[in-house]
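In the UniProt record's numbering, the protein residues as written are 1 to 354. All C-beta atoms in this analysis are idealised placements derived from N, C-alpha and C, irrespective of residue type, glycine included. What follows is a single structure, written as structure tokens, with notes after it.
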Amino acid sequence: MIRIPDAARREIDDALELALGRLRARSAALGESAAALGVATAAAATGGKKLRPALVVAAFESFGGDIAHTPGLWRVAAAFELLHAGFVVHDDLIDGDVERRGVPNVMGAFRERARARGGDDADATTLGAAAAVLAGDLLLFEATRLIATAPVPAPQRAALFVLLDDALLVSAAGELADVEQSIGDDLPPTSSLLRTARDKTAFYSFQAPLAAGALLANASEDQRAALEAAGSEIGIAFQLADDLIGTFGSRAQAGREPGADLRASKRTPLISLAAETEWWPQVASALALAPTGPIAIRDAQRELAASGARERAVELIEATLRSARGRAADASLPRDAVVLLATLAAAVEERIPR
């Protein structure tokens, strides 16, 4: 989604491996069970596109940051990847998912471990959930430790901790709202679901990493505010595109079975947009059957498209990105930062399944 120099990616990878290697080694010294947790936790933070650390580095460079004289950059960038990994482990637990990218995740690995020891389904559920809670906690702490030990000036470290604090609290609020909005018969309004998308994903995935990179490059408060405002809207558009992918995207786009969000009966802004139309009774009936199989999913996809919700979701993404581009035109931002934001907006548009 965003390109940074290969040398920068290697530095991020090295910082991550150093942190995860430390975690594996310390866990191994505590016994076989702890060692297995260390391995599974490190695996949960390995691979992936590393979008968030790339945003830290890209923002740093766009504000003229000097990589040669900012050794703490790599730990801070790696911290945002570990923050993401911790949230993903906890999110999988909340959603009851036992796989990630086609292989057992932490919960899935420890469910298998329980069964290998003769446990029944209840034992597997208990052990898998416990491991997921603990692995996510370890990753969130490791993200905190990286920022605490990064060689950066004390004022910058304090400001980074404010960003980290906000990222944790805002994302927790968004995750809780996401679960609460799935309960009951009444569908939440689109505005509430958009707020949840911002809190759950946009803040920690776009707004905070961009702000961290700008902070390390000594950007002014006004510059960081303009960057964060645009980054937040790009993050919301990113999540809306992700919702479209989860509903209409191919296996290649989604990295999982097509229509996975329909199968899981997720309440996304796309669904609430359909509920605002006269076509909603047909859509609601199709959505109720979607978890039963591929044919029902295709029926739900057709009804959603016929309602106009898909088209309206695309229009909402485009409007959100226009607003982000408008914010990026802030006179306080350097040209490279404007180009970075424009590149991110274009990348989000390219993700929209057509």
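Close Cβ partners of residue i (< 6 Å) along its chain, the five nearest in sequence each way excluded
{"i": "R75", "result": "A15, L146 and A150"}
{"i": "S307", "result": "A274, T277, W279 and V283"}
{"i": "L83", "result": "A143"}
{"i": "L289", "result": "A296"}
DSSP three-state assignment for residue i, whether helix, strand or coil
{"i": "R251", "result": "helix"}
{"i": "P53", "result": "helix"}
{"i": "V98", "result": "coil"}
{"i": "V133", "result": "helix"}
{"i": "V338", "result": "helix"}
{"i": "V152", "result": "coil"}
Same chain only: Cβ atoms within 8 Å of residue i, ignoring 5 sequence neighbours per side
{"i": "R298", "result": "G259"}
{"i": "A211", "result": "A59, L163, R224, L227, E228 and G231"}
{"i": "F63", "result": "G213, A214, A217, N218, A219, Q223, P334, D336 and A337"}
{"i": "F238", "result": "T201, A202, S205, F206, V348 and R351"}
{"i": "V179", "result": "I94"}
{"i": "Q301", "result": "T247, F248, G259 and L262"}
{"i": "R322", "result": "none"}
The alpha helix (DSSP H) enclosing residue i, as first and last residue numbers
{"i": "Q181", "result": "Careful: Q181 lies outside any alpha helix (DSSP H) and carries neither H nor E."}
{"i": "W74", "result": "L73 to D95"}
{"i": "A107", "result": "Looking at the sequence provided, one finds Met at residue 107 rather than Ala. That run of the alpha helix (DSSP H) goes V106 to A116."}
{"i": "G259", "result": "It is not in any alpha helix (DSSP H) - G259 carries neither H nor E in the DSSP assignment."}
{"i": "I352", "result": "Run containing I352: none; DSSP gives neither H nor E here."}
{"i": "I271", "result": "P269 to A275"}
{"i": "A211", "result": "A208 to L216"}
{"i": "R195", "result": "T190 to A197"}
Nonlocal neighbours in the same chain, by C-beta distance under 7 Å from residue i, ignoring five residues either side
{"i": "P353", "result": "L244, I245, F248, G249 and Q253"}
{"i": "L37", "result": "S27, A131, L134 and A135"}
{"i": "E81", "result": "L16, A45, K50, R52 and P53"}
Residue j beta carbon less than 8 Å from that of residue i
{"i": "T190", "j": "P281", "result": "no"}
{"i": "G136", "j": "G86", "result": "yes"}
{"i": "I12", "j": "K50", "result": "yes"}
{"i": "R267", "j": "S182", "result": "yes"}
{"i": "A109", "j": "A40", "result": "yes"}
{"i": "E233", "j": "R310", "result": "no"}
{"i": "V89", "j": "L139", "result": "yes"}
{"i": "A313", "j": "R325", "result": "no"}
{"i": "L193", "j": "L316", "result": "no"}
{"i": "A44", "j": "I4", "result": "no"}
{"i": "V98", "j": "R111", "result": "yes"}
{"i": "R198", "j": "G235", "result": "yes"}
{"i": "V152", "j": "G48", "result": "no"}
{"i": "L187", "j": "S285", "result": "no"}
Taking only runs that begin and end inside the region 277 to 336, name each unbroken alpha helix (DSSP H) of 4 or more residues, in chain order.
The qualifying runs are 280 to 289, 294 to 307 and 309 to 328.
Kindly provide the ranges of any alpha helix (DSSP H) runs that are 4 or more residues long and lie completely inside the region 7 to 66, ordered along the chain.
Taking only runs of at least 4 residues, the alpha helix (DSSP H) segments lying wholly in the region 7 to 66 are 32 to 44 and 51 to 62.
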